[in-house]
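Asks:
Numbering (the UniProt record's numbering), first residue to last: 1 to 165.
In structure tokens form, the structure reads like this:
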């Protein structure tokens, strides 16, 4: 388990010339968030990011029983539940794994902490593509032998063994 950094650390923006800054995360620094806290009943917490420079900017508010001004109206019916959210996460593709493995160990630790720890965005799910995807450096599958219905030639690719499993 990676240790969590105490308190929020602000984003240090870096622009690669496309007008959409990213936050620096390297071997010595990575921005963090304060731990998430469930708001009081009737209240909400909103996190907003924007091209203008906001990065998970936190704001709070209270739900209103009626719309007092013109604008978007969002109606919540808390008595009707349709699904259960198991969590949030992302995809770990070949390309992502290759880039993570190119980082120094301290930079890898900071990056993973920013995704999975309480001082980060608290991902708890990861999707791993089976065989190649559109983010692989080459096309491959687990068994390219025609009519091998018994999968006698099945094998994991190097990408799977070195980066996914």
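For glycine and all other residues, C-beta sits at the position ideal for the given N, C-alpha and C.
Count the other CB atoms within 10 Å of the CB of residue 159; is the residue buried (16 or more) or exposed (fewer)?
Replies: Buried is the call here.
Asks: Could you check where the alpha helix (DSSP H) with residue 101 kicks off and where it finishes?
Replies: Where residue 101 is concerned, the enclosing alpha helix (DSSP H) stretches over 94-102.
Asks: Any idea which residues DSSP pairs residue 90 with across the strands?
Replies: BP columns for residue 90 point to 126.
Asks: Nearest CA to the CA of residue 18: which residue from 119, 52, 120, 87?
Replies: Of the listed residues, the one whose Cα sits closest to residue 18 is 52.
Asks: For the alpha helix (DSSP H) containing residue 195, name the first residue and the last one.
Replies: Residue 195 is absent from the structure shown; the chain starts at 1 and stops at 165.
Asks: Indicate the three-state DSSP secondary structure (helix, strand or coil) for residue 150 in the structure shown.
Replies: Correct three-state label for residue 150: coil.
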